[in-house]
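Take a look at the structure set out below.
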Ligand SMILES: Cc1cc2nc3c(=O)[nH]c(=O)nc-3n(C[C@H](O)[C@H](O)[C@H](O)COP(=O)(O)OP(=O)(O)OC[C@H]3O[C@@H](n4cnc5c(N)ncnc54)[C@H](O)[C@@H]3O)c2cc1C
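In the numbering used here, the protein residues as written are 3 to 453.
Right, here's the structure in full:
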């Protein structure tokens, strides 16, 4: 290439995830030539949308390769839906290019401000996990730079153990340079959706199971401040791509409308404000919404309409507790999780419940058959940490596990108690990176890497 753009640009700065905790100083390396810039990098980082410390460097780590300049779509076949792109391509770009051409990324997480590399490393799931599995199920191959310097094309047939460990491996098995995947054919660039209230937790779990048999995309907003007979009440949303004849007069496209300008006082997510929001949303959802055809963006990515919304949590930041609990234990465990929050005086401004289908091929990927609950939690020391301790015990006892892309507070011991796959993952990683040259604040915290 040889252009001045491909020369790595470096600077040192504070790095955090979306939850703004923890923060670590790191030497950032920006380049549109990932193959060259990854030579001695100690971690890759996309758009920093993982909540905790997965994309935060270890204290003694080397340069952090920020991939966002490597954003070329290298190959796309509109007949077969096969796509190959650099790891820094964003989901936002893919959606805007592909939806118009009758294709979609097959798995869409709750924000489009993520990169392909980040989606692979977290093996992200969407509202359609019960129908389509997680992102890794659609990845055909990866071009990757391992810690020992090799650049390899890996897949189910070439280095399958490394391939599987990389899907959901939180960037610890190598730097993903390129991703080849199969897209989903869509009937139109519009979404047909319905929503209705569910009165309590048991009804929510049943409604998700029932809707999952009819709809590819389902999820529930939960009023996490409701108690007693209303515990676990919420709103079920279900959708599918609209058929062309259903679209009719072209509905309005949604636009990004606002940006949070600065770190807000913690009052914004105080308990009374959260309670008032929950009640208002519950009341506003009283009438079931049927057969609405809409822009896919607010359906898949409602929070993206408010840029920098993480600043609402103030300077101390927030975390998200997300776990997947097997179906048979879900009702009791979710009740206990909400009880643990109340016992510690912690409240959740946003709670989302989904159902997950079969476990995928990523060695450490979180989804498994069961109910996923994701609870945003303001960071208030030491209450939030104590709440996470309690919640991890509940999750482990229920046979569930947490999602590393959201976590910042779990201990190594707690994580092992929830996920018996850790040793298989570490064995593959050691084979390719015996000295843990590629590491992060997360791998120091959970896998005992050198700080
Ligand atoms: C509002 C919101 C909603 C979300 N909803 C969902 C959801 O519905 N489902 C879901 O699964 N997740 C969800 N997430 C989490 C998000 O999808 C993941 O954290 C994703 O990995 C973030 O992508 P990123 O490009 O910002 O990666 P980063 O946050 O920058 O990095 C995440 C991990 O990927 C690794 N990584 C990044 N690029 C590379 C690369 N090129 N090579 C190797 N490793 C790499 C990093 O080292 C790190 O371990 C949500 C996040 C937000 C903020």
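Heads up, the beta-carbon is just placed ideally off N, CA and C, and yes, glycines get one too. Please read all numbers here as calculations on a predicted model, not as lab measurements.
Check, Outcome
"Cβ shell of residue 431 (< 7 angstroms), same chain only, five flanking positions each side left out", "167, 174 and 175"
"Secondary structure of residue 41, DSSP reduced to three states", "coil"
"Exposure label - residue 335; buried when at least 16 CB within 10 Å", "buried"
"Residue 260, DSSP secondary structure in three states", "strand"
"Own chain partners of residue 403 with C-beta closer than 8 angstroms, once the 5 adjacent residues on each side are dropped", "325, 326, 368, 370, 397, 420 and 421"
"Buried or exposed by the 16-neighbour rule on C-beta atoms within 10 Å, applied to residue 131", "buried"
"Straight-line Cα distance separating residue 21 from residue 339", "20 angstroms"
"Residues bridged to residue 172 [DSSP beta-bridge criterion]", "Per DSSP, none; premise fails for residue 172."
"Residue 291 beta carbon less than 8 angstroms from that of residue 44", "no"
"heavy atom of ligand 1 below 7 angstroms from residue 355 C-beta", "no"
"Any non-hydrogen atom of ligand 1 closer than 7 angstroms to residue 126 Cβ", "yes"
"Option nearest residue 54 by Cα separation, candidates 322, 202, 13 and 209", "322"
"Between the CA atoms of residue 88 and residue 181 - distance to the nearest angstrom", "6 angstroms"
"Identity of the residues DSSP links to residue 238 by a beta bridge", "198 and 222"
"Residue closest to residue 83, alpha-carbon to alpha-carbon, out of 230, 187 and 273", "187"
"Distance between residue 69 and residue 237 (C-alpha atoms, nearest Å)", "37 angstroms"
"Sequence-distant residues of its chain with Cβ nearer than 8 angstroms to residue 260 (five each side left out)", "307, 308 and 309"
"Other residues of its chain near residue 137: CB distance less than 6 angstroms, five sequence neighbours each side excluded", "109, 121, 125 and 126"
"8 angstroms CB neighbourhood of residue 15 in its chain, flanking five on each side removed", "27, 28 and 30"
"beta-carbon residue 192 near ligand 3 non-hydrogen atom, thresh 7 angstroms", "In terms of ligand content, the structure shown lacks ligand 3 and carries ligand 1 instead."
"Beta-bridge partners of residue 412, as assigned by DSSP", "BP columns for residue 412 are empty, so no partner."
"Cβ pair residue 183, residue 153 closer than 8 angstroms", "no"
"Segments assigned beta strand (DSSP E), at least 3 residues, entirely inside the region 292 to 336", "320 to 327"
"Enclosing alpha helix (DSSP H) for residue 246 [first to last residue]", "246 to 249"
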